[in-house]
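>
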Amino acid sequence: MTISAPSGIISDDLLCELAQHVGTDQLLSSQDELLVYECDGYVVEKNVPDVVVFPQSAAEIQAVVKSCVRHGVPFVPRGAGTSLAGGCLPVGGGVMISLTRMKQILEINTRDRYAVVQPGLVNLHLTRALAGTGFHYAPDPSSQGACTIGGNVATNSGGPHTLKYGVTVNHVTGVEFVSPTGELVQIGGPCGCGDDLDLPGLFVGSEGTFGIVTKIWVKLTRNPESCRTMLAVFDSTDDTSQAISSIIGAGIVPAALEMMDQGIITALEEAFAFGFPLDAAAVLLIEVDGLDVALDQEAETIITLCKQSGAREVRLSQTEEERALLWKCRKQAFGAIGRLAPSYCTQDGVVPRTKLPQILKFIADVGERCNIRIVNVFHAGDGNLHPILLFDERDREQVRRVMDASDEILEMCIELGGSVTGEHGIGVEKISFMNRLFSEQDLDVMGDVRRVFNPDGICSPGKLLPTAGACGMEHIQREHPGRRAAM
Amino acid sequence: MSSNARNTVTVKNVRDIVDAVQSAGTDATSLTAARRVTGNVHQLDLSSMNAVVEYPARDMTITVEAGMTLKTLTCLLRSEGQQLPVDVADPEMTVGAFVASDPAGPRQYGYGTLRDYLIGIEAVDGLGRVFHAGGRVVKNVAGYDLCRLMVGSRGSLGILSQLTFKLKPVPEQFVIQQWQFAAELDVAASLDSLNKSAARPVVIDLDSPNGSTWSLNVGVEGPPNVCEWQIGQLACDMSNPTSTEVCAPDTTAAITYCGSGARRHLEAETVAVINSLPSQVPHVCRIVNEQGLSATCHAGNGVIAVQSNDSKPLPDHAVDQIESLLKDYGGHLRITKSDAVSRRRAGVFSAGLVAALDPHQVFV
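Protein sequence lines, in the order shown, are assigned to chains G and P.
Here my numbering runs 2 ahead of the position in the first sequence, where the first position is 1.
Here my numbering runs 492 ahead of the position in the second sequence, where the first position is 1.
(1) Give the DSSP bridge partners of G:MET232, in chain order.
(2) Which of helix, strand or coil does DSSP assign to P:ILE827?
(3) Does any residue of chain P bring its CB to less than 9 Å from the CB of G:ARG355?
(4) Do you know offhand how far G:VAL197's Cα is from G:THR175's?
(5) The beta strand (DSSP E) spanning P:MET585 covers which residue range?
(6) In chain G, which residues lie less than 9 Å from P:ASN858 when you measure between Cβ atoms?
(7) I believe G:GLU178 touches G:LEU186 by the beta-carbon criterion, under 8 Å. Please report the beta-carbon distance rounded to the nearest angstrom.
(8) Can you tell me whether DSSP reads P:ALA787 as helix, strand or coil?
(9) Does G:ASP409 come out as helix, strand or coil in the three-state DSSP assignment?
(10) Should G:GLN349 be flagged as near chain P, meaning a C-beta pair shorter than 9 Å?
(11) Let me see if you follow: with CB-CB separation under 9 Å, is P:THR553 close to chain G or not?
(12) Is the Cβ of P:SER800 closer than 9 Å to any Cβ of chain G?
(13) Three or more C-beta pairs closer than 8 Å, one from the region 357-366 of chain G and one from the region 405-419 of chain G: is that the case here?
(14) Under 9 Å, Cβ to Cβ, is there at least one residue of chain P near G:HIS127?
(15) When the distance is taken between beta carbons, is G:ALA131 closer than 9 Å to G:THR84?
(16) Since G:ARG72 is in the beta strand (DSSP E), which residue starts that stretch and which ends it?
(17) On the DSSP letters alone, give me the boundaries of the alpha helix (DSSP H) that G:GLN310 sits inside.
(18) Per DSSP, which one or two residues make a beta bridge with P:THR561?
(19) Does the Cβ of G:ASP15 have 16 or more other Cβ atoms within 10 Å, making it buried, or fewer, making it exposed?
(20) Does the beta-carbon of P:GLY724 have 16 or more other beta-carbons within 10 angstroms, so that it is buried, or is it exposed?
(21) Can you pull the DSSP bridge partners for G:LEU259?
(22) Put G:ASP27 into one of helix, strand or coil per three-state DSSP.
(23) Mind checking the region 129-155 of chain G against chain P and listing, in chain order, the residues whose C-beta falls within less than 7 Å of any C-beta there?
(24) With a cut-off of 8 Å, do at least 3 Cβ pairs link the region 63-72 of chain G to the region 97-106 of chain G?
(25) Which residues in chain P have a C-beta closer than 7 Å to the C-beta of G:PHE440? List them in chain order.
(26) If we cut at 9 Å on Cβ distances, does G:PHE364 have a partner in chain P?
(27) Exposed or buried, which one is G:PRO79 when buried takes at least 16 other CB atoms within 10 Å?
(28) Looking only at its own chain, which residues have a Cβ that is under 8 Å from the Cβ of G:LEU391, when we skip the five neighbours before and after it?
(29) For G:GLN28, tell me which candidate among G:VAL53, G:GLN299, G:CYS41 and G:ASP34 has the shortest Cα-Cα distance.
(30) Would you verify that the beta carbon of G:PHE336 is, or is not, closer than 9 Å to some beta carbon of chain P?
(31) Short check: CB of G:THR216 to CB of G:GLN334, under 9 Å?
(32) For the beta strand (DSSP E) containing G:HIS492, list its first residue and its last residue.
(33) Going straight from the alpha carbon of G:SER181 to that of G:LYS363, what length do you get?
(34) Quick one: is G:GLU272 buried, meaning 16 or more other Cβ sit within 10 Å of its Cβ, or exposed?
(35) List the residues of chain G that P:SER868 touches, going by C-beta distances under 8 Å, in chain order.
(36) Taking G:CYS193 as the query, report the chain P residues whose CB atoms sit under 8 Å from its CB, ordered along the chain.
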């Protein structure tokens, strides 16, 4: 790594201080090296940071933050850069604090069901470390092979199995962080918050605007004894939605309930040749887990409900290999999209589960009206949609239509009583929707809450709230829709 | 909005709450929605705000006004085979007070606490601002999660006016089995085994009244054959029990047990509440019992209520001993008093949040 002459808002003095804090070999400042950090999984808005540092301890982060504060330079944390909403975009430039070197598992305590990890630990690595203990870390975003637990804390990540097990906030009991003024603070811990406010609950999902996470206490979950995985095939999306509603309404909480429509089925079949029926309108991937003694009855009930809702066929996985292939298809669905179009854009809206028929019909209508092909693969049990809009980004007219269609879909999610994001976060991508989702007073209160942690707006500016006034909080005009990786 | 001589302000809608808060700010008086009020404080009566705002049962969410009693809410949910699986100590308590006080009973082991179920709020802060957070869908990461902030905030940040919960189905059967022990080592070994039991208990409670006998109450749920299978597995997990008996044979009895369990932690006899690691529960119980006090524990979660029949407090040296133990792993000890509101041990950010949302100290 080489230290180049500082650019933009970074002075020579600050650059020297940063180099002293982390070492010259753990700092990037040349333009060609910085280019890698211009965006995350949300590739629409880009901005190159002025400097990237790679601290290895909380003390180094404190020193970096204090230098930034002293020089009035904004800073932003970054994990693996898999955010799908621009959560680690360095709005206004400044110092990017990459946490990838802080990836230790500090403690695993299965008796008391918790682990302590550093923020740069890859999500899947914790579950791998727990192999053979009978426990796992429940939140499982589809990017879990790459995303970090610190990043999961920032965005309150979900995943297919969060229908039963909950999202990140349900599994975090404590956080240590460097505050935007450079203090090292611990909130919560293995025994929770005691008599204090639930600050870890507030911190999770704050998208890096409350400080830089240095340590996380997470709950460990017992592995299910067994599971049953089913694939239900439907001739209409209405019937599919009805089946989802019936299953949830019957009081069954599957571990996962995922829907894939015909467009995705076609792409997956080409990629994996699983044997999906190409003439099906949609399929449901349903998994129940728990005590083996209970599962056959649950699976039987689900099969009956699916058939009553119009499923023409329900397949029950007979082997672990068959189950693994089904999940491979689901988790790699986005990888198969490349077979359908050169570019794609995914939204993350949520609707009440009973509103799925309406929103799916609306999405189809929007696609037709805007002349954009839209396919769907999503967490149906949560009502968390991921409509994928297919297009060619070289065609500016198509790009405009995709943006219009995306906005219409998210507007309809709000109208149906839902939200614009179920698991990706607001970031910079959906910031313009915040004042449609919340009132001015709601946002005022949230702004006050942010100022308690981040009084000068110097930490992760320009994220989550559409308020202006702090450094680097200039509004970003979207010019292109996002092209995304996986959910 | 109306008020009476006892300084009770009855509110019928969120606008009334705003008016009450703004009046209190102007008059430099204090306001609370709590039932027990001391001193020169105006009490807000939200009992008229008891409507169901929306109950899309098949979405398994419900939105209600904060003045609805838990008894009403429970009955309503039962009619759809659903529940808010947080144990109710006092059925007459309002939903808003329940959230503000965040009690957690025996089922927190299997179901978590209120923070896992509150998905949307409407509230009024100390400046009279009506604000919302979360929403009515079960998965939502838009904006700061002020819902979790309000859980257990004891009215220090605002008056809750409307709440949305996600719900769970009522299990087909819920039963609780009790095992008795005569040796601490056997209790500890049994608790260790339960942590990896083939069964999946939703309740693990321990009563340690005197340091010479212990009762372990373990709850399981599911279809009858699944409960029966689990009870069989649990029997294998127990180390040298002196006896066993059915503690709650059916769902009604089990829910009643859980309500009592939640209540016991709030009773006047409770002189301290300890948040420990689950593995340390027998050790902490021993310290408590050595002082002639009893301990009732949600052992699976490491929550211990120290109880005294004659209001005898936990002696200072025992407090020091327990705090020293808890300090090693980040546990908490809260000394409670039945005749006064205990003071919150707040960190700098909590104090900052209270100051931001209630700058004129309207709320007590």
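For every residue, glycine included, the Cβ atom is placed at its ideal position computed from N, Cα and C.
Predicted, not measured: the structure shown is a model, and the values here were computed from it.
In short:
(1) The residue given as residue 232 of chain G occupies position 230 in the first sequence. In the DSSP output, where bridge partners are listed per residue, G:MET232 has G:ILE288 and G:LEU318.
(2) To locate residue 827 of chain P, count along the second sequence from 1; it is residue 335. DSSP places P:ILE827 in strand when its eight states are reduced to three.
(3) One-based indexing of the first sequence puts residue 355 of chain G at position 353. Chain P, which has a Cβ nearer than 9 Å to the Cβ of G:ARG355, makes this yes.
(4) Sequence index remark: in the first sequence, residue 197 of chain G carries index 195 (1-based). Sequence index remark: in the first sequence, residue 175 of chain G carries index 173 (1-based). For the sequence presented, residue 197 of chain G should be read as Asp rather than Val. Each residue's alpha carbon lies about 14 Å from the other.
(5) Taking the first residue of the second sequence as 1, we reach residue 585 of chain P at position 93. Note, P:MET585: premise wrong, no beta strand (DSSP E); not H, not E.
(6) Limits of chain P in this structure are 493 at one end and 856 at the other, which puts residue 858 of chain P out of reach.
(7) Along the first sequence, read from residue 1 onward, the residue named residue 178 of chain G stands at position 176. Along the first sequence, read from residue 1 onward, the residue named residue 186 of chain G stands at position 184. Contact holds; Cβ gap of about 7 Å.
(8) Residue numbering aside, residue 787 of chain P sits at position 295 when the second sequence is read from its first letter. DSSP places P:ALA787 in strand when its eight states are reduced to three.
(9) To locate residue 409 of chain G, count along the first sequence from 1; it is residue 407. If DSSP states are grouped into helix, strand and coil, G:ASP409 belongs with the helices.
(10) The sequence position of residue 349 of chain G within the first sequence is 347, counting from 1. Chain P places no beta carbon closer than 9 Å to that of G:GLN349, leaving this residue out of the contacts.
(11) Along the second sequence, one-based indexing puts residue 553 of chain P at 61. Interface residue, yes.
(12) Taking the first residue of the second sequence as position 1, residue 800 of chain P is located at position 308. Closer than 9 Å: no.
(13) yes
(14) Counted from its first residue, the first sequence places residue 127 of chain G at position 125. Answer no: the Cβ-Cβ gap between G:HIS127 and chain P never drops below 9 Å.
(15) Taking the first sequence and counting its residues from 1, one reaches residue 84 of chain G at position 82. Taking the first sequence and counting its residues from 1, one reaches residue 131 of chain G at position 129. Against a cut-off of 9 Å, the Cβ pair of G:ALA131 and G:THR84 comes out as no contact.
(16) As a first step, residue 72 of chain G is located in the first sequence; it is residue number 70 there, counting from the start. No beta strand (DSSP E) contains G:ARG72, which is instead part of the alpha helix (DSSP H) from 60-73.
(17) The residue labelled residue 310 of chain G in the question sits at position 308 within the first sequence. Here the alpha helix (DSSP H) through G:GLN310 covers 294-310.
(18) Numbered from 1 along the second sequence, position 69 holds the residue referred to as residue 561 of chain P. P:THR586, per the DSSP bridge assignment.
(19) Walking along the first sequence from the start, residue 15 of chain G turns up at place 13. Exposed: under 16 other Cβ atoms inside 10 Å.
(20) As a first step, residue 724 of chain P must be located in the second sequence, where it is residue number 232. The residue is exposed, with fewer than 16 neighbouring Cβ atoms inside 10 Å.
(21) Start at 1 with the first residue of the first sequence, and residue 259 of chain G comes out as number 257. DSSP output for G:LEU259 lists G:ILE288 as bridge partner(s).
(22) The sequence position of residue 27 of chain G within the first sequence is 25, counting from 1. G:ASP27: helix per DSSP, three-state reduction.
(23) GLY136
(24) yes
(25) In the first sequence, counting from the first residue as 1, residue 440 of chain G sits at position 438. Simply HIS624 and GLY635.
(26) On the first sequence, position 362 is the one that residue 364 of chain G refers to. No, G:PHE364 lies away from the interface with chain P (no Cβ there is under 9 Å from its Cβ).
(27) Along the first sequence, one-based indexing puts residue 79 of chain G at 77. By the 10 Å Cβ count, G:PRO79 comes out buried.
(28) Here residue 391 of chain G is taken as the residue at index 389 of the first sequence, counted from 1. Cβ neighbours of G:LEU391 beyond the five flanking positions: TYR346, CYS347, THR348, GLN349, GLY369, ILE374, ARG375, ILE376, VAL404, ALA407, SER408 and PRO483.
(29) Position 26 of the first sequence holds residue 28 of chain G. Among G:VAL53, G:GLN299, G:CYS41 and G:ASP34, the Cα nearest to that of G:GLN28 is on G:VAL53.
(30) Residue mapping note: residue 336 of chain G aligns to position 334 of the first sequence, counting from 1. It does not: the Cβ of G:PHE336 has no partner Cβ on chain P nearer than 9 Å.
(31) As a position in the first sequence, residue 216 of chain G is number 214, starting the count at 1. As a position in the first sequence, residue 334 of chain G is number 332, starting the count at 1. Not in contact: G:THR216 and G:GLN334 (Cβ atoms no closer than 9 Å).
(32) Because chain G in this structure spans residues 3 to 489, residue 492 of chain G falls outside the shown range and cannot be described.
(33) Stepping through the first sequence from its first residue, residue 181 of chain G is reached at position 179. Stepping through the first sequence from its first residue, residue 363 of chain G is reached at position 361. Cα-Cα distance, rounded: 46 Å.
(34) As a working note, residue 272 of chain G is residue 270 in the first sequence. Flag for G:GLU272 reads exposed.
(35) For chain P, the structure presents residues 493 to 856; residue 868 of chain P sits outside this window and is missing.
(36) As a working note, residue 193 of chain G is residue 191 in the first sequence. Simply ASN767, SER768, LEU769, GLY794, LEU818, TYR821, GLY822, GLY823 and HIS824.
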